[in-house]
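There are 2 protein chains.
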Amino acid sequence: MTATALDPETRLGDDDHDALRLWLRLFTCSTMIEREIGPALKREFGSSLPRFDLLAQLERNPDGLRLGALSERLLVTGGNVTWLVNSLVADGLVTRRRAPEDGRVWIVALTPDGRRSFASMARAHERWIARLLGKLSSRERTQLHSLLGHLKSSIRHEGSPQ
Amino acid sequence: MTATALDPETRLGDDDHDALRLWLRLFTCSTMIEREIGPALKREFGSSLPRFDLLAQLERNPDGLRLGALSERLLVTGGNVTWLVNSLVADGLVTRRRAPEDGRVWIVALTPDGRRSFASMARAHERWIARLLGKLSSRERTQLHSLLGHLKSSIRHEGSPQ
């Protein structure tokens, strides 16, 4: 039923092992969803996934976040976060101020415009995700969430120290 | 047990819904694995994930692939594939020739050096993936693979026509 189309999973040979097969399927699903959501954010809001993800982190932290904390939470490099923040500052969606206790540290926070902009994007984003995942039953979602929790814990345990 | 560290899942509020929660966990797992494998390919082979994925598709297609087919299978844009292919041609790992039946179409294939280079990367890559997924039981892997198959089918069914 699945894997009839051409995508990253098509590179698998018969002798590949479980772990690799599982990773390629996970990567394929993640990439397929990003390829739906990214263009939709662009089309409907003139935005992008990295911008949306950054605004989402700030929305959860009304006092703002240090650049380093943003980089960690978004799993992207510091240079990329600085670039994103510059572009969001230019658009009036976030502010950047020096930390009172350490002038070398920048703290980034949403502006009221940024909060409004994020809210409307977040509603559409959740609707798109719910649609894309719509064929999974509630039980399947719960199982998948739980198994991915085990996977996350495995990666964290076995991965290199960050 | 999971989700104690800071990552994209930390943006979730209590009132977010199942689908969004599931997507953020999937995205987090996928990104965490890429963040392990990418730097390891760089460190051990001076390569990158996009280069590795492209070589992997060619390894499965000894007669070569059209640029457009590569782009489709890798889920990346044509411009990015052209850029990658140029860099791999410069390194002697792939060749590019015009299709006999249509001179406007380029066909890309592995060179013997490319095949050797991919083989040694693929062995290391599979070892790294097996380690990162090592805490999942065989049963959990099977379940996860099957549920992700349903997810993939849902995304394909509900997504925009490509």
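Note that the protein sequences, when read in sequence, are chains A and B. Oh and the first sequence: position 10 is -5 in the working numbering, straight run, nothing missing. Oh and the second sequence: position 10 is -5 in the working numbering, straight run, nothing missing. Just so it is clear, CB atoms sit at the ideal spot from N, CA and C, and this is done for glycine as well.
Below-9 Å beta-carbon distance, residue i vs any chain A residue
{"i": "I114/B", "result": "yes"}
{"i": "R141/B", "result": "yes"}
{"i": "A184/B", "result": "Coverage of chain B is limited to positions -14 through 147, which leaves residue 184/B absent and any answer about it impossible."}
{"i": "D(-1)/B", "result": "Reliability of the predicted coordinates at D(-1)/B is poor, the pLDDT of 46 falling under 50, and the value obtained from them is presented with this limitation in mind. Chain A contact via Cβ: absent."}
{"i": "D3/B", "result": "yes"}
{"i": "L121/B", "result": "yes"}
{"i": "P24/B", "result": "yes"}
Close beta carbons around residue i, own chain, < 6 Å, minus the five adjacent residues each side
{"i": "E125/B", "result": "none"}
Start-to-end residues for the alpha helix (DSSP H) that takes in residue i
{"i": "V74/A", "result": "63 to 75"}
{"i": "D98/A", "result": "97 to 117"}
{"i": "R82/B", "result": "Element bounds for R82/B: not the alpha helix (DSSP H) but the beta strand (DSSP E), 79 to 84."}
{"i": "D3/A", "result": "3 to 30"}
Residue i versus the options, residue with shortest Cα-Cα distance
{"i": "K120/A", "options": "S138/B, R112/B, T80/B", "result": "S138/B"}
{"i": "A107/A", "options": "V74/A, D(-8)/A, S33/A, L11/A", "result": "S33/A"}
{"i": "V74/B", "options": "C14/B, I92/B, T62/B", "result": "I92/B"}
{"i": "A104/B", "options": "R10/B, L78/B, E21/B, L7/B", "result": "L78/B"}
{"i": "E86/A", "options": "I114/A, R6/A, R51/A", "result": "R51/A"}
{"i": "A175/B", "options": "R82/B, L136/B, L95/B", "result": "Past the boundaries of the shown model lies residue 175/B; chain B is included only from -14 to 147, so the question cannot be answered."}
{"i": "F30/B", "options": "R101/B, D(-8)/B, N65/B, H135/B", "result": "R101/B"}
Proximity test, Cβ basis, 9 Å: residue i and chain B
{"i": "E86/A", "result": "no"}
{"i": "W91/A", "result": "no"}
{"i": "L129/A", "result": "yes"}
Contact set between residue i and chain B, taken where Cβ atoms lie within less than 9 Å
{"i": "E29/A", "result": "Those within 9 Å of E29/A in chain B number zero; the least Cβ separation is about 12 Å."}
Beta-carbon neighbours of residue i, restricted to chain A and to distances below 7 Å
{"i": "S145/B", "result": "E21"}
{"i": "P(-7)/B", "result": "D38, R58, L59, L60"}
{"i": "L7/B", "result": "L118, R126, L129, H130"}
{"i": "S105/B", "result": "The premise fails here: S105/B is roughly 16 Å from chain A at the closest Cβ pair, so nothing lies under 7 Å."}
Chain B residues whose Cβ lies nearer than 7 Å to that of residue i
{"i": "S15/A", "result": "L11, F12, S15"}
Heavy atom of the ligand SAH within 8 Å of residue i beta-carbon
{"i": "N65/A", "result": "As far as ligands go, the structure on display features none, and thus does not contain the ligand SAH."}
Beta-carbon contacts of residue i that lie in its chain and below 8 Å, excluding the five residues immediately before and after
{"i": "L129/B", "result": "L121"}
{"i": "A84/A", "result": "R51, V90, W91, I92"}
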